[in-house]
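In the numbering used here, the protein residues as written are 5 to 161. Just so you know, even glycine gets a beta-carbon here, dropped at the ideal spot from N, CA and C.
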């Protein structure tokens, strides 16, 4: 059974820099925004890497990046890898804080983090409030949806 703070998605207070913020559990929309952010990063990184290549190689690399980006989901290897990076964890913390602090930017969040340990602690706290009953607070894993099976009686055929 869940406690009331979990059921209501109550925020927790965190210290960031010299200010107190309210961090909310991630929503499905936040995870969708994170997927889109990862897709954009994949394409941007590819375009940056390809900038000095001949046109054909640049086109091929960009095409591969677009294909890879189109396969990104919240629980894909690419997204999970980004979640474990400082940049990706910063994005998730930003997505959580923006609900209570709409004027905050991702850059402000990352710049206010005092050190790697604080960053890691905040990312862990976010995962615990976003998925408190799954895998001990770790990121949830998507399960494949099974199609519904309906049965038709012979008399209705």
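Since I believe residue j is in contact with residue i (beta carbons under 8 Å), could you give me their beta-carbon distance rounded to a whole number of angstroms?
| i | j | result |
| --- | --- | --- |
| residue 76 | residue 98 | Actually they do not touch by this definition, with Cβ atoms about 18 Å apart. |
| residue 73 | residue 43 | 4 Å |
| residue 90 | residue 123 | 6 Å |
| residue 53 | residue 35 | That pair is no contact at about 27 Å. |
How far does the beta strand (DSSP E) with residue i in it extend, from its first residue to its last?
| i | result |
| --- | --- |
| residue 24 | 23 to 27 |
Between which two residues does the alpha helix (DSSP H) holding residue i run?
| i | result |
| --- | --- |
| residue 133 | 120 to 134 |
| residue 108 | Here residue 108 belongs to no alpha helix (DSSP H), and DSSP marks it neither H nor E. |
| residue 99 | 90 to 101 |
Considering only residues of the same chain and omitting the five flanking positions on each side of residue i, which have a CB-CB separation below 6 Å?
| i | result |
| --- | --- |
| residue 162 | The structure shown does not extend to residue 162, since the chain is modelled only from 5 through 161, so no value can be given for it. |
| residue 29 | 13, 133, 134 |
| residue 62 | 54 |
For residue i and chain B, any beta-carbon pair shorter than 9 Å?
| i | result |
| --- | --- |
| residue 92 | Of the protein chains in this structure there is only one, and it is not chain B. |
Got a sec? Which residues, its chain only, sit under 8 Å from residue i by beta carbon, not counting five neighbours each side?
| i | result |
| --- | --- |
| residue 110 | 94, 95, 98 |
| residue 105 | 25, 26 |
| residue 32 | none |
| residue 22 | none |
Once the 5 residues before and after residue i are set aside, which same chain residues still bring their CB inside 7 Å of it?
| i | result |
| --- | --- |
| residue 51 | 66 |
*Inter-stretch contact (C-beta, 8 Å, three-pair minimum) for the stretch 30 to 47 and the stretch 78 to 94*: In short, these stretches touch, since the Cβ pair count reaches three.
*What are the start and end residues of each continuous beta strand (DSSP E) run of 3 or more residues lying completely inside the stretch 14 to 85, in chain order?*
Those beta strand (DSSP E) runs which fall completely within the stretch 14 to 85 and span 3+ residues are 16 to 20, 23 to 27.
_Counting beta carbon pairs with one atom in the stretch 99 to 112 and one in the stretch 17 to 35, are three or more of them shorter than 8 Å?_
Short answer: they touch.
*Check whether the stretch 117 to 132 touches the stretch 55 to 74, taking contact to mean three or more Cβ pairs, one atom from each stretch, closer than 8 Å.*
No: the two stretches stay apart, fewer than three of their Cβ pairs being nearer than 8 Å.
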